[in-house]
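**Student:** Residue numbering for the sequence shown follows the working numbering, beginning at 76 and increasing consecutively.
Provided herewith is a single structure, encoded as structure tokens, for subsequent inquiry.
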Amino acid sequence: MRNYLILIIPIALLAMPLTLTFGASEVAIYTGTTQWINKDAADEQAQICVDMLDDAGIKNTWYVSDGDMDALAEWMEGVTDDNGLDICILYGDLPPTLYPQGNTSPDGSIAETFIETTDGDAIINHADWMFWGLENRNAEGGIRNMMDIPGMVMWDDNTPMVVTEKGKEIAPSLTDFQSDRPFHTDLLEGNWVVEVSLAQNEAGTRADPIIVRDGDLGRLIPVIQTNMGDEPKGAVAAEIIIWLMNNVTPVEPNGKLSTTWGNLKTIK
Numbered sequence: 076m077r078n079y080l081i082l083i084i085p086i087a088l089l090a091m092p093l094t095l096t097f098g099a100s101e102v103a104i105y106t107g108t109t110q111w112i113n114k115d116a117a118d119e120q121a122q123i124c125v126d127m128l129d130d131a132g133i134k135n136t137w138y139v140s141d142g143d144m145d146a147l148a149e150w151m152e153g154v155t156d157d158n159g160l161d162i163c164i165l166y167g168d169l170p171p172t173l174y175p176q177g178n179t180s181p182d183g184s185i186a187e188t189f190i191e192t193t194d195g196d197a198i199i200n201h202a203d204w205m206f207w208g209l210e211n212r213n214a215e216g217g218i219r220n221m222m223d224i225p226g227m228v229m230w231d232d233n234t235p236m237v238v239t240e241k242g243k244e245i246a247p248s249l250t251d252f253q254s255d256r257p258f259h260t261d262l263l264e265g266n267w268v269v270e271v272s273l274a275q276n277e278a279g280t281r282a283d284p285i286i287v288r289d290g291d292l293g294r295l296i297p298v299i300q301t302n303m304g305d306e307p308k309g310a311v312a313a314e315i316i317i318w319l320m321n322n323v324t325p326v327e328p329n330g331k332l333s334t335t336w337g338n339l340k341t342i343k
């Protein structure tokens, strides 16, 4: 009987990683509060994004009201470090339930913790300067604290963005435009790197949209940072998400599979 058991266990383990090791990926969209885009326009873009994600079979939840801030925070805490790639989409505001306004919790907020695990979780932001927040909730301090880069800024109105070849591949809906708050790639520090630049200036020092990643941790994805612009934010966000979820390889969490095998192979 021992011989049969030893043969069966490795076969059973072949089916374990996908069902036990990796979490499901989810998307949350929040339009309860917006900045540099009115709520009706944000809701219209969010609906486009939801429809495209639904068509792609990607689980998503849309938080429509400012009364949903607590529910959004609960969602974010629930998916953090769950071994799945989870993404939150914001429309110019960072709700204080995720990051207390006024930069009163510069470290360890729900939002920062979300992007500091090897899940690779991401925050997408449309419209205003990423993490600036409604009525200057955080101003420059928001992105500086979230990235731990004291000199990070996102100035420069009307900066021409030209779609890159990779951008055309990832987001067919994206066209050349002028960004009011492009990401400054030349200010990256620490482990932060450009994962993909979808559109940028000639020098490559300003980009929008762009995916930047903190080493093997989470991602920030500014997508079309314009003041009341009518660009296809929802479609581009959905295309980026679909690309990410089809191209990111999950990280084996904390050696769980090898630990399980180590325990099972001792069974006699």
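Each residue gets a CB set at the ideal place from its N, CA and C atoms; glycine is no exception.
These numbers come from a predicted model, not from an experiment.
With a cut-off of 8 angstroms on the beta carbons, I'd call Val287 and Glu270 a contact; round off their distance for me.
**Tutor:** 6 angstroms
**Student:** Spatial neighbours of Val323 within its chain, please: C-beta separation below 8 angstroms, excluding the five flanking residues on both sides.
**Tutor:** Leu160, Gly195
**Student:** For Val323, does the three-state DSSP call read helix, strand or coil?
**Tutor:** In the three-state reduction of the DSSP assignment, Val323 falls in the coil class.
**Student:** Around the C-beta of Trp230, are 16 or more other C-beta atoms found within 10 angstroms, so that it is buried, or is it exposed?
**Tutor:** exposed
**Student:** Is the Cβ-Cβ distance between Ile164 and Ile199 less than 8 angstroms?
**Tutor:** yes
**Student:** How many angstroms separate the CA atom of Asp118 from the CA atom of Ile112?
**Tutor:** 10 angstroms
**Student:** Which runs of the alpha helix (DSSP H) spanning at least 4 residues fall entirely within the region 201-282, listed in chain order?
**Tutor:** Taken in chain order, the complete alpha helix (DSSP H) segments of 4 residues or longer contained in the region 201-282 are 216-222, 240-245.
**Student:** Tell me, which residues are paired with Pro297 by DSSP?
**Tutor:** Asn200
**Student:** Have a look at Val237, Asp157, Lys241, Pro257 and flag the residue whose alpha-carbon is nearest the alpha-carbon of Asp251.
**Tutor:** Val237
**Student:** Report yes if the C-beta of Asp261 is less than 7 angstroms from at least one heavy atom of the ligand SAM; otherwise report no.
**Tutor:** Of ligands this structure carries none, so the ligand SAM is not represented either.
**Student:** Just the C-alpha distance for Gly142 and Thr109, rounded to the nearest angstrom, thanks.
**Tutor:** 13 angstroms
**Student:** Does the Cβ of Asp289 have 16 or more other Cβ atoms within 10 Å, making it buried, or fewer, making it exposed?
**Tutor:** buried
**Student:** For Asp156, I'd like the list of residues in its chain whose CB is within less than 7 angstroms of its CB, leaving aside the five on either flank, ordered along the chain.
**Tutor:** Same-chain partners within the cutoff: Thr192, Asp194.
**Student:** To the nearest angstrom, report how far apart Pro307 and Gln120 are at their CA atoms.
**Tutor:** 7 angstroms
**Student:** With burial defined as no fewer than 16 other Cβ atoms inside 10 Å of the residue's Cβ, what is the status of Asp182: buried or exposed?
**Tutor:** Counting the other Cβ atoms within 10 Å of the Cβ of Asp182 gives fewer than 16, which makes it exposed.
**Student:** Drop a sphere of 10 angstroms on the beta-carbon of Ala278, count the other beta-carbons inside from all chains shown, and report buried for 16 or more, exposed for fewer.
**Tutor:** exposed
**Student:** Report yes if the CB atom of Leu220 is closer than 8 angstroms to the CB atom of Gly177, and no otherwise.
**Tutor:** Here the sequence assigns Asn to residue 220, which means Leu is not the residue at that position. Inclusion of Asn220 and Gly177 in the CB contact set at 8 angstroms is not warranted, their separation being larger than that value.
**Student:** Nearest to Ile295 by CA position, among Met303, Gly304, Ile285, is which residue?
**Tutor:** Looking at the sequence itself, residue 295 is Leu, so the reference to Ile does not match. Of Met303, Gly304, Ile285, the residue nearest in Cα terms is Ile285.
**Student:** What number of angstroms, rounded off, separates the C-alpha of Gln253 from the C-alpha of Tyr105?
**Tutor:** 24 angstroms
**Student:** What is the DSSP secondary structure of Thr109, reduced to helix, strand or coil?
**Tutor:** coil
**Student:** Cα separation between Ile245 and Ala131?
**Tutor:** 14 angstroms
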